[in-house]
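Here's the structure, in structure tokens; my notes come after.
Numbering (the working numbering), first residue to last: 78 to 199.
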């Protein structure tokens, strides 16, 4: 593949996201039912607010069971555990630029956002 290819050609465009006001039960269900295993962008009316990783989620629930009735799933909100200001790139960024960011090893996903609005994820 050409490293100058715009990331918009290969990014995941149908992104599952949550809002800051959703409860952790919704995040739990995404990880369980959507066979999700990585990062979930947090948006408010399409505008990127943050990101939740599986590690963030697991740290927040600590030793809770997988029972939906556990208090932590119904008492904590996405805004309580999300990481603000995730690494973002514009949809015009190239595959080379995105791969260089990922190669640093500090992150495992790059949110693609134009003017702050979620467009995709890599």
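All residues carry an ideal CB built from backbone N, CA and C; glycine is no exception.
Check: Could you give the distance in angstroms between the alpha-carbon of residue 248 and the alpha-carbon of residue 147?
Finding: In the structure displayed, the chain extends from 78 to 199; residue 248 sits before or after that span and is not available.
Note to self: For a test of the three-state rule: what should DSSP assign to residue 106, helix, strand or coil?
What the structure shows: Judged by DSSP in its simplified three-state form, residue 106 adopts helix.
Next item on the list: With DSSP as the reference, please indicate the residues paired to residue 197 in a beta bridge.
Entry: According to DSSP, residue 197 bridges with 189.
Note to self: Given the structure, does residue 186 come close to the ligand SAM, in the sense that its CB is under 8 Å from one of the ligand's heavy atoms?
What the structure shows: In the structure on display, the ligand SAM does not appear, and there are no ligands present to speak of.
Item checked: Contact set for residue 115: own chain, Cβ-Cβ below 8 Å, skip 5 residues either direction -> For residue 115, where only same-chain residues beyond five positions count, the Cβ hits under 8 Å are 130, 131, 185 and 186.
Item checked: Assigned secondary structure, residue 138 (DSSP; H/G/I helix, E/B strand, else coil) -> If DSSP states are grouped into helix, strand and coil, residue 138 belongs with the helices.
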